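S.K.: Heads up, the sequence shown is in our numbering, so the first residue is 72 and it goes up one at a time. Idealized CB from N, CA, C, for every residue including glycine. Please read all numbers here as calculations on a predicted model, not as lab measurements.
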Amino acid sequence: MIKAVITGDIVQSTHTNVTDRDRLLNVIKETIKALENESLLRYDIYRGDSFQIELNSPQWALRGALLVRAALLKNSPDYLRWDARIAVGLGKVEYESLNRVAESDGEAFWYSGRELDALGKTKRLVLKTTWNEINDEFKVSTAFVDDIVSQWTIAQADVMYEWLLDEQITQREIAQKLHKTPQAVSKALASAKASLISLYLDRYQQCLSNYLKKNTYYELK
72 MIKAVITGDI
82 VQSTHTNVTD
92 RDRLLNVIKE
102 TIKALENESL
112 LRYDIYRGDS
122 FQIELNSPQW
132 ALRGALLVRA
142 ALLKNSPDYL
152 RWDARIAVGL
162 GKVEYESLNR
172 VAESDGEAFW
182 YSGRELDALG
192 KTKRLVLKTT
202 WNEINDEFKV
212 STAFVDDIVS
222 QWTIAQADVM
232 YEWLLDEQIT
242 QREIAQKLHK
252 TPQAVSKALA
262 SAKASLISLY
272 LDRYQQCLSN
282 YLKKNTYYEL
292 K
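1. For L151, which of helix, strand or coil comes out of DSSP?
2. With burial defined as no fewer than 16 other Cβ atoms inside 10 Å of the residue's Cβ, what is the status of G191: buried or exposed?
3. Output the boundary residues of the alpha helix (DSSP H) element that contains Y117.
4. On the DSSP letters alone, give me the boundaries of the alpha helix (DSSP H) that V82 sits inside.
5. With 16 as the cutoff for other CB atoms within 10 Å, does G119 come out buried or exposed?
6. Exposed or buried, M72, counting other C-beta atoms within 10 Å across all chains shown (16 or more means buried)?
7. Quick check on S221: does DSSP put it in helix, strand or coil?
8. Should I225 be labelled buried (16 or more other beta-carbon atoms within 10 Å of its own) or exposed?
9. Given 8 Å as the limit, is there contact between the stretch 199 to 209 and the stretch 220 to 240, that is, 3 or more CB pairs closer than that?
10. In this structure, does DSSP put D273 in helix, strand or coil?
11. In its own chain, which residues sit with a C-beta less than 7 Å from the C-beta of Y288, not counting the 5 before and 5 after it?
12. The alpha helix (DSSP H) spanning K104 covers which residue range?
13. Assign D176 to one of three DSSP states: helix, strand, or coil.
14. Are L95 and T87 touching if we call contact CB-CB under 9 Å?
15. Which same chain residues end up closer than 8 Å to Y114 when comparing Cβ atoms and leaving out the 5 residues on each side of it in sequence?
16. Can you check DSSP and say which residues form a bridge with G191?
17. Grouping DSSP H, G and I as helix and E and B as strand, with all else coil, what is E167?
18. With distances taken from CA atoms, which of R243, D237, V197 and Q227 is nearest A261?
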């Protein structure tokens with residue numbers, strides 16, 4: 072069974088004031104809790120600034136990664152821009168520890184962990200799967216999406232969080248939820264390049280579905 076592993080660490084976490092540390096952790100926990108509505112998952116938060124999420128539904132992996140980044144950005148304190156370096160790995164999971172997600176093992180964990188180690192300081196998002204064709208196709212598009220997200224304002228991230236969380240939500244519903252005008256929501260979605268991110272996520276789900284169907288060995292159960 073193919074699973075997804077999201078491994079991440081908070082950028083410049085040591086610059087976060089002690090008084091904001093609990094709030095930072097709560098942002099991560101609340102976002103993971105929101106993801107649980109879409110996929111069975113397990114997670115670990117360790118060292119105070121790193122996290123690992125194992126998703127049973129790999130279709131939600133990239134959307135989940137962007138959701139975490141949007142959540143961090145929109146909750147940023149005045150003195151610091153919160154963000155995370157995130158590596159998404161898709162593959163088999165041979166061993167699942169009953170104690171901690173970080174003690175589990177398999178392709179998804181290898182890809183996610185190794186790609187995060189190799190990500191460097193300037194990039195924030197990378198995808199590695201068990202299929203070379205998907206890796207080749209998404210190498211460039213993921214870099215473009217990473218660049219888009221890295222330029223979101225707090226206001227844009229606020230709107231994009233709601234948009235990413237619910238695929239069916241309307242602009243009017245976002246406006247009501249955030250107490251904004253529909254015009255402000257529409258402008259934020261446009262400037263945050265929501266239409267391009269939608270194409271990216273749709274293409275990811277299409278490719279993933281095709282590969283899972285073609286190869287019964289990796290069939291999603």
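M.R.: According to the structure data:
1. In the sequence shown, the residue the question calls residue 151 occupies position 80. If DSSP states are grouped into helix, strand and coil, L151 belongs with coil.
2. The residue labelled residue 191 in the question sits at position 120 within the sequence shown. Classification for G191: exposed.
3. Working through the sequence shown from its first residue, we reach residue 117 at position 46. Unbroken run through Y117 is the beta strand (DSSP E), L112 to Y117; no alpha helix (DSSP H).
4. Numbered from 1 along the sequence shown, position 11 holds the residue referred to as residue 82. It is not in any alpha helix (DSSP H) - V82 carries neither H nor E in the DSSP assignment.
5. As a position in the sequence shown, residue 119 is number 48, starting the count at 1. Exposed.
6. Against the sequence shown, residue 72 aligns to sequence position 1. M72 is exposed by the Cβ-count criterion.
7. Position 150 of the sequence shown, counting from 1, holds the residue named residue 221. Correct three-state label for S221: helix.
8. Translated into positions along the sequence shown, residue 225 becomes position 154. Looking at its Cβ environment, which holds fewer than 16 other Cβ atoms inside 10 Å, I225 is exposed.
9. no
10. Residue numbering aside, residue 273 sits at position 202 when the sequence shown is read from its first letter. In the structure shown, D273 sits in a helix (DSSP, three-state: H, G or I).
11. The sequence position of residue 288 within the sequence shown is 217, counting from 1. Residue placement at Y288 is poorly supported in this model, since its pLDDT is 49, which falls under 50; the coordinates are not used for a value here.
12. Counted from its first residue, the sequence shown places residue 104 at position 33. Note, K104: alpha helix (DSSP H), V89 to L106.
13. As a working mapping, residue 176 is identified with position 105 in the sequence shown. The answer is strand: DSSP assigns D176 an E or B state.
14. Residue 95 sits at position 24 when you count from the first residue of the sequence shown. Residue 87 sits at position 16 when you count from the first residue of the sequence shown. Yes, these two residues count as a Cβ contact at 9 Å.
15. Within the sequence shown, residue 114 is the residue found at index 43, counting from 1. Excluding positions up to five away in sequence, the list reads I103, F122, Q123, I124, E125 and V172.
16. Sequence index remark: in the sequence shown, residue 191 carries index 120 (1-based). According to DSSP, which records beta bridges pairwise, G191 is partnered with nothing at all.
17. Translated into the one-based positions of the sequence shown, residue 167 becomes position 96. Three-state DSSP puts E167 in coil, outside helix and strand.
18. If you number the sequence shown from 1, residue 261 lands on position 190. Ranking R243, D237, V197 and Q227 by Cα distance to A261 puts Q227 first.
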